[in-house]
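Number of protein chains: 2
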Amino acid sequence: MTVTPPASLANRVIRIDDPADPRIAGFRDIRERDLRRRHGSFIVEGAVVLPVLLDAHEGGRFCAESVLILENRLEGFAERLERLPADVPIHVAPRAVIDAVAGFPMHRGVLALARESEAASAPLDFHAMAGNALVVAGQAIANHDNMGGILRNAAVFGADGALFDAQSCDPLYRKAIRVSVGGVLRVPFEHGGTGLSMVERLAANGFTVIGLSPRGEHDLETVPIEGRTALLLGTEGPGLTEGMLSRVTSARISQAPGMDSLNVATASGIALYTLARRMGRIA
Amino acid sequence: MTVTPPASLANRVIRIDDPADPRIAGFRDIRERDLRRRHGSFIVEGAVVLPVLLDAHEGGRFCAESVLILENRLEGFAERLERLPADVPIHVAPRAVIDAVAGFPMHRGVLALARESEAASAPLDFHAMAGNALVVAGQAIANHDNMGGILRNAAVFGADGALFDAQSCDPLYRKAIRVSVGGVLRVPFEHGGTGLSMVERLAANGFTVIGLSPRGEHDLETVPIEGRTALLLGTEGPGLTEGMLSRVTSARISQAPGMDSLNVATASGIALYTLARRMGRIA
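If you're matching them up, the sequences are chains A and B in order.
Position one of the first sequence corresponds to residue 1 (the UniProt record's numbering), numbered consecutively onward.
Position one of the second sequence corresponds to residue 1 (the UniProt record's numbering), numbered consecutively onward.
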């Protein structure tokens, strides 16, 4: 081996020199996997997001199944990798092998295959949430960048959970995870059902649902909020329908007159920031 | 012609049936042109952004040089296209021809080649700006999505101008224009110089420069602002250097403790919203 593994990992590191090695088949052609999970597994990549997975592993929502790492990145991750259960294989390979496996130059060089544990696929635990809980809900969020952006913002502003209807894309798509900078792995989420069923469940659990729209009745700065609050976002382009807006408390973000609306991920950032601030959840 | 052009355009529409027609050479393989302009021209595409260009044409900052449009989209754009000077050719083609020219399925089907007029390449006219002017400045904004997002937000919140240093990518890259939803064509901008020279020019023109950083000294909600205000954003990842932060008024966006920072485009949205609101520029 060109690079000697740290002593703590010497006994469990598996050296890979052939991109066709079946032990790393799960990492093959991951670019094509942007669009779906393979047998329920998903890809986590990068020096920022991988630690979130490894930490989440301990929390129980997600499990690493297998790790593939550039030989010269091993030392930097040794402390976290040591804590992985012994049955999680840690594969080490030189750059040419990693690039050949992935199907493109894999600059980050740190990858894991992961799956959801039962804890992650359980419904959100509304009973455990505080009286000033804040969650975000998305209806038909179709774009992976926006999904990732919303979950990044949810993590940054400390949201207690996220809900996406069945028309929304999978929050565990590779690109959504990457754009979320690990937010997908930090913020408990649900994915399924209809927009209407989300709104009904939130209301039944004591949430005031704030539907964000350029046509919203209230200004976001002054919309009445009290107790648990959910921010509801609509699909890219058309946004929330009039029918949905009529069922919730609608609010708008002030902007210059006559301009197009904000990107939905940016709007989620402004609204989560404003709500978290107004609710005294951030200093 | 399969679709008859509106009478008002019948005399000037040029029917294209061959993707290799030299009259539309400027539209060839536009995907590869994500990364640079060709002979100073840039590509504007889509039913949302093209009208911004056509309107900007009248304002004088940008000129359409040539239009290429799907035959069945012509009628919807007729009113705007009629106002184009007679020397701007309007090419009409069926879908197969447009896709073959562009090099990929061109769903939007409305394209223009455009160039900057002298007015657009002139420095920002600080003298003409109001006493409560708001501008945004970016240092080493390298990602086209972020460049487009910052300029979209600048347009939405009515910024008077934008400055980007020479290390930042070209705001007129195809993808930046698309992500900006035309904001690039609405907000006057400058591109060049160093971060330091931007800050010095802003200060010389009476701007308080607010440097945004997770390590900022003031909370964005209470940072002292008076008169002209500039929001300064740093490069993706590392953000503004300590040296730069020491030269400006530094401010942070409150967030949950221990989380990673916001994406720079999202941060620009939150900060422009907050500053525009605090300055009384948006209702």
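Just so you know, even glycine gets a beta-carbon here, dropped at the ideal spot from N, CA and C.
Residue i to residue j span [Cα, whole Å]
{"i": "histidine 91 of chain A", "j": "leucine 9 of chain A", "result": "11 Å"}
{"i": "glutamate 226 of chain B", "j": "asparagine 132 of chain B", "result": "8 Å"}
{"i": "glycine 138 of chain A", "j": "alanine 166 of chain A", "result": "10 Å"}
{"i": "leucine 244 of chain A", "j": "leucine 232 of chain A", "result": "The sequence as given places methionine at residue 244 of chain A; leucine does not occur at that position. Straight-line Cα distance between these residues: approximately 10 Å."}
{"i": "leucine 151 of chain A", "j": "arginine 186 of chain A", "result": "9 Å"}
{"i": "alanine 162 of chain B", "j": "alanine 7 of chain B", "result": "41 Å"}
{"i": "tyrosine 273 of chain B", "j": "threonine 241 of chain B", "result": "24 Å"}
{"i": "proline 51 of chain B", "j": "arginine 80 of chain B", "result": "7 Å"}
{"i": "aspartate 29 of chain A", "j": "serine 121 of chain A", "result": "26 Å"}
{"i": "histidine 107 of chain B", "j": "alanine 47 of chain B", "result": "10 Å"}
{"i": "threonine 194 of chain A", "j": "proline 105 of chain B", "result": "32 Å"}
{"i": "glycine 103 of chain A", "j": "glycine 103 of chain B", "result": "22 Å"}
{"i": "glycine 76 of chain A", "j": "threonine 4 of chain A", "result": "13 Å"}
{"i": "methionine 147 of chain B", "j": "histidine 218 of chain A", "result": "30 Å"}
{"i": "methionine 279 of chain B", "j": "arginine 228 of chain A", "result": "30 Å"}
{"i": "valine 156 of chain B", "j": "alanine 256 of chain A", "result": "6 Å"}
{"i": "glutamate 65 of chain B", "j": "isoleucine 270 of chain A", "result": "38 Å"}
{"i": "leucine 53 of chain B", "j": "threonine 222 of chain A", "result": "36 Å"}
{"i": "lysine 175 of chain A", "j": "valine 248 of chain B", "result": "35 Å"}
{"i": "glutamate 82 of chain B", "j": "valine 179 of chain B", "result": "27 Å"}
{"i": "alanine 276 of chain B", "j": "isoleucine 282 of chain B", "result": "6 Å"}
{"i": "isoleucine 253 of chain B", "j": "alanine 154 of chain B", "result": "18 Å"}
{"i": "methionine 1 of chain A", "j": "arginine 23 of chain B", "result": "In this prediction, methionine 1 of chain A scores a pLDDT of 49, lower than 50, which makes its location untrustworthy; no coordinate-derived value is stated."}
{"i": "methionine 198 of chain B", "j": "aspartate 21 of chain B", "result": "44 Å"}
{"i": "aspartate 160 of chain B", "j": "serine 250 of chain A", "result": "30 Å"}
{"i": "leucine 220 of chain B", "j": "alanine 100 of chain A", "result": "46 Å"}
Helix, strand or coil at residue i [DSSP, three-state]
{"i": "arginine 80 of chain B", "result": "helix"}
{"i": "isoleucine 43 of chain B", "result": "strand"}
{"i": "histidine 127 of chain B", "result": "helix"}
{"i": "valine 88 of chain A", "result": "coil"}
{"i": "isoleucine 98 of chain B", "result": "helix"}
{"i": "isoleucine 14 of chain A", "result": "strand"}
{"i": "isoleucine 69 of chain A", "result": "strand"}
{"i": "alanine 112 of chain A", "result": "strand"}
{"i": "phenylalanine 104 of chain B", "result": "coil"}
{"i": "alanine 120 of chain B", "result": "helix"}
{"i": "alanine 276 of chain A", "result": "helix"}
{"i": "alanine 7 of chain B", "result": "helix"}
{"i": "alanine 25 of chain A", "result": "helix"}
{"i": "methionine 1 of chain A", "result": "Residue confidence for methionine 1 of chain A is low, a pLDDT of 49 falling below 50, so the modelled location carries little weight; the figure read from the coordinates is stated next. Methionine 1 of chain A: coil per DSSP, three-state reduction."}
Proximity test, residue i beta-carbon vs the ligand ZN heavy atom, cut-off 7 Å
{"i": "arginine 31 of chain B", "result": "The ligand ZN is absent from the structure shown, which contains no ligand whatsoever."}
Note down, one range per segment and in chain order, each beta strand (DSSP E) of at least 3 residues found wholly within the UniProt domain "tRNA/rRNA methyltransferase SpoU type" (134-273) of chain A. List check, beta strand (DSSP E) in window: 134-138, 161-164, 189-191, 208-212, 229-233 and 249-252.
Check each residue of the segment 149-172 of chain B: if its Cβ is closer than 8 Å to any Cβ of chain A, include it; give the result in chain order. Listed by position along the chain: Gly149, Arg152, Asn153, Ala155, Val156, Phe157 and Gly158.
Count the C-beta pairs between the segment 226-240 of chain A and the segment 136-148 of chain A that are closer than 8 Å, then say yes if the count reaches three, no if not. Touching, per the Cβ criterion.
Validate contact between the segment 102-114 of chain B and the segment 42-50 of chain B using beta carbons, cut 8 Å, 3 pairs: Yes, the segment 102-114 of chain B is in contact with the segment 42-50 of chain B.
Under 9 Å (Cβ pairs) to chain B, residues found in the segment 251-264 of chain A: Correct list: Ile253, Ser254, Gln255, Ala256, Pro257, Met259, Asp260, Ser261, Leu262 and Asn263.
Residues, ordered as in the chain, of the segment 214-237 of chain B that lie near chain A by beta-carbon distance below 8 Å: Flagged, chain order: Asp219 and Glu221.
Three or more C-beta pairs under 8 Å: does that hold for the segment 246-266 of chain B against the segment 210-230 of chain B? Per the Cβ contact rule, the segment 246-266 of chain B is in contact with the segment 210-230 of chain B (3 or more Cβ pairs under 8 Å).
Would you call the segment 17-25 of chain A in contact with the segment 93-101 of chain A, where contact means no fewer than 3 C-beta pairs closer than 8 Å? Short answer: they touch.
Of all the residues that make up the segment 58-74 of chain B, which are near chain A by a beta-carbon distance shorter than 7 Å? Answer in chain order: no residues at all.
Selection of the segment 269-282 of chain A by Cβ proximity to chain B, strictly under 9 Å: Here the close residues are Gly269, Ile270, Tyr273, Thr274, Ala276, Arg277, Arg281 and Ile282.
Residues of the segment 179-212 of chain B in Cβ contact with chain A at a cutoff of 9 Å, in chain order, please. Answer in chain order: Val179, Val181, Gly182, Gly183 and Arg186.
How about the segment 195-205 of chain B and the segment 171-178 of chain B: do they share at least three Cβ pairs that are nearer than 8 Å? No: the two stretches stay apart, fewer than three of their Cβ pairs being nearer than 8 Å.
Of the residues that make up the segment 39-54 of chain B, which ones have a beta carbon closer than 8 Å to any beta carbon in chain A? Those would be Val48, in chain order.
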